[in-house]
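Chemist: I'd like to ask some things about the structure below.
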Amino acid sequence: RGGRGRAMQSRLAALLRRSHARSGSVAGRESRWMSTSSFYDSQSGRHITLDEWVRLYDLTAPATELASVDSADDLPASGGVLLTLAARGTEVEGRAEAVVIAQAAKARDMPVRALISNAFGCEEHGSTDPNVLQLVAAELADVGVDVITLGDQEGFGNEDALEEAVEAICWNDVVGVPLSHRLGLRAAPTEEGILLCGTAAGPQFAIKHIDVCSRGEQAPQAGEVAALLKENGIEHGVDGGKLP
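Position 130 of the sequence shown, counting from 1, maps to 131 under the numbering used here, and the rest follow consecutively.
Structure below.
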C-alpha cells in the first residue's frame, strides 16, 4: 500500500509540475488558481460569490443522493435532480429532455446536476467532439444546471482530452456562475482515474467538483483522492459524510 501510494504521489507531482509549466507565468497561475471570490455578472445584474475549494461528492453517501428522472413530470417533491446524458462521438443523447427537466426543476428552486457519460469517448463511437460538449454545456448552464460533470466510464480520459474539453466548455459566456466553477469530473475507478482527479483539481484546470466513491466502484476511491489533494496543498472538502 505504502509503495503504491508513494508511486502514485510521484506521478501526480510530475503531472502537476507539467500543469504549472503549461499554465504560463507564476502570476498568471496564481490569478487563475486563486480567482476572485466574487464578481458582478453583467448578464444577470447580480454579484456572484464563488467558492474556491474543491468539493468531493461521495456517491455512496445518503446526503449526496439525487433523484434520477426521465421527464419533467417525474420531479421529486423535494431534494435535487440528477440528469444523465450520453456522449456518442459527435452527438450527446438526452440533451433536449435534460433541458426541459432542468427548466422545470429550477422553476422550483431545486438543485440540478448533470452527468455527461463517456464525455471523453467510448469504444463504440471513439473520441467525443469537444465542440459538442461546448454546446451542451452552454445549453445546460443557460437553464440553471448547477454542476455539469464529465464522466469517463470507459477510461478514455487523460490530461490532453481533459484540456480540450475544459477549454471548449469554458469558452462559453453564460449567465450567473461561470462554467469554470460548474464543471465536475467523474473519472474511471482506476489508478489513472485517481491521477486524473488530481490533475483536474490542480492549477491548470481548477475543477471544483469531483465525484468519488467510498467503495471505489462508481468513481475513484474517496480516501485516495482526498489524500492526493491534501498532499499537494489543494483545499478540498466533502459533501455527504466523512471520508474513511
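Even glycine gets a Cβ: it sits at the ideal position worked out from N, Cα and C.
1) So the candidates are D147, E92, C123 and V93; which of them puts its Cα closest to the Cα of D110?
2) Looking only at its own chain, which residues have a Cβ that is under 6 Å from the Cβ of E140, when we skip the five neighbours before and after it?
3) Applying the 10 Å Cβ sphere with the 16-neighbour rule, what's the burial state of E168?
4) By a C-beta neighbour count over all protein chains shown, 10 Å radius and 16 as the cutoff for buried, is E225 buried or exposed?
5) According to the neighbour-count rule (16 or more other Cβ atoms, all chains shown, within 10 Å of its Cβ), is T1 buried or exposed?
6) From A201 to I195, what does the alpha carbon distance come to, in whole angstroms?
7) So, using beta-carbon positions, are V70 and Q104 closer together than 7 Å?
8) Please return the same chain residues whose Cβ sits closer than 6 Å to the Cβ of A28, not counting the five positions on each side in sequence.
9) Runs of 3 residues minimum, wholly inside the stretch 101-164: which ones carry the beta strand (DSSP E) assignment?
10) Mapping the DSSP letters down to three states, classify A218 as helix, strand or coil.
11) I'd like to confirm the pairing. Which residues does DSSP put opposite I211 in its beta bridges?
12) When you compare the CB positions of L134 and A166, do they come within less than 7 Å of one another, or not?
13) Keeping to the same chain, check which residues put their C-beta closer than 6 Å to that of E94; ignore five residues upstream and five downstream.
14) For D59 and T150, what's the separation of their Cα atoms in angstroms?
15) What's the gap between the Cα of G81 and the Cα of R114?
16) Going along the chain, which residues of its own chain have a beta-carbon closer than 7 Å to the beta-carbon of G217, five neighbours each way excluded?
17) Could you tell me the distance, in whole angstroms, from the CA atom of A106 to the CA atom of A142?
18) Would you kindly work out how many angstroms separate the C-alpha atoms of D1 and A97, rounded to a whole number?
Modeler: Reading off the structure:
1) D147
2) V100
3) exposed
4) buried
5) Nothing can be reported for residue 1: it is not among the residues displayed for the chain, which extend from 2 to 245.
6) 10 Å
7) no
8) Confidence in A28 is poor, its pLDDT being 28 and thus under 50, which makes the residue's placement unreliable; the coordinate value appears in the next sentence. Hits under 6 Å: none found.
9) 113-118 and 148-152
10) The amino acid occupying residue 218 in the given sequence is Glu; Ala does not appear at that position. E218: coil per DSSP, three-state reduction.
11) L57 and L186
12) yes
13) A87
14) 14 Å
15) 8 Å
16) P190
17) 13 Å
18) Residue 1 is absent from the model: the chain starts at 2 and stops at 245.
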